[in-house]
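Peer 1: Last residue of the sequence shown? That's 97 in UniProt numbering, and every number before it is there in order.
The beta-carbon is built from N, C-alpha and C at its ideal position, and this holds for glycine as well.
A quick note: this is a predicted structure, and the numbers were derived from the prediction, not measured.
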Amino acid sequence: MTTPLRRAREQRQLTIQQLATAAEMDPGNLSRIERGIQVPSKGLAEKLARVLEGTVSEIEIIYPERFPVQPSPVCGGGAAPPAEAGQGARVADGTHG
Numbered sequence: 001m002t003t004p005l006r007r008a009r010e011q012r013q014l015t016i017q018q019l020a021t022a023a024e025m026d027p028g029n030l031s032r033i034e035r036g037i038q039v040p041s042k043g044l045a046e047k048l049a050r051v052l053e054g055t056v057s058e059i060e061i062i063y064p065e066r067f068p069v070q071p072s073p074v075c076g077g078g079a080a081p082p083a084e085a086g087q088g089a090r091v092a093d094g095t096h097g
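This is the structure we're talking about:
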């Protein structure tokens with residue numbers, strides 16, 4: 001799942017390290033927040049929103065599941081991975097590998 005925080009960071013063309021440095025936080029914590037594994041404090045969410053200059057709100061950072069983001073075509077939204085596509089072809093033509 002792409003979160004609003006990740007989308008905002010990528011739109012600003014920042015790395016996790018660059019955003020973490022700007023927000024004065026640990027990059028590992030930022031990565032976990034971005035993946036929805038860790039919930040930031042209100043103060044940290046406010047700081048991230050400020051650093052990202054309004055491209056994401058504090059509420060989107062704290063509750064990413066409430067703001068689903070469609071993955072961009074570059075990030076994997078589209079065709080099935082090759083292994084899955086290949087499996088479908090074998091089933092359709094009756095071959096087993």
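Among 26, 24, 31, 46, which has the Cα closest to the Cα of residue 3?
Peer 2: Residue mapping note: residue 3 aligns to position 3 of the sequence shown, counting from 1. Here the closest residue by C-alpha is 31.
Peer 1: What is the DSSP secondary structure of residue 15, counted as helix, strand or coil?
Peer 2: The residue given as residue 15 occupies position 15 in the sequence shown. Reduced to three states, the DSSP call for residue 15 is coil.
Peer 1: On the DSSP letters alone, give me the boundaries of the alpha helix (DSSP H) that residue 31 sits inside.
Peer 2: Numbered from its first residue, the sequence shown carries residue 31 at position 31. Where residue 31 is concerned, the enclosing alpha helix (DSSP H) stretches over 27 to 34.
Peer 1: Could you tell me whether the Cβ atoms of residue 55 and residue 20 are closer together than 8 Å?
Peer 2: Residue numbering aside, residue 55 sits at position 55 when the sequence shown is read from its first letter. Residue numbering aside, residue 20 sits at position 20 when the sequence shown is read from its first letter. Contact flag unset, no.
Peer 1: Classify residue 56 as helix, strand or coil using the three-state DSSP reduction.
Peer 2: Here residue 56 refers to the residue found at position 56 when the sequence shown is read from its first residue. It is coil, neither helix nor strand.
Peer 1: Is the beta carbon of residue 33 sitting closer than 8 Å to the one on residue 40?
Peer 2: Here residue 33 corresponds to residue number 33 of the sequence shown, with the count starting at 1. Here residue 40 corresponds to residue number 40 of the sequence shown, with the count starting at 1. Going by C-beta atoms, residue 33 is nearer than 8 Å to residue 40.
Peer 1: Cutting at 7 Å between CB atoms, please list the residues of its own chain near residue 6, excluding the five before and the five after it.
Peer 2: Taking the sequence shown and counting its residues from 1, one reaches residue 6 at position 6. Closer than 7 Å at Cβ, skipping near neighbours: 34.
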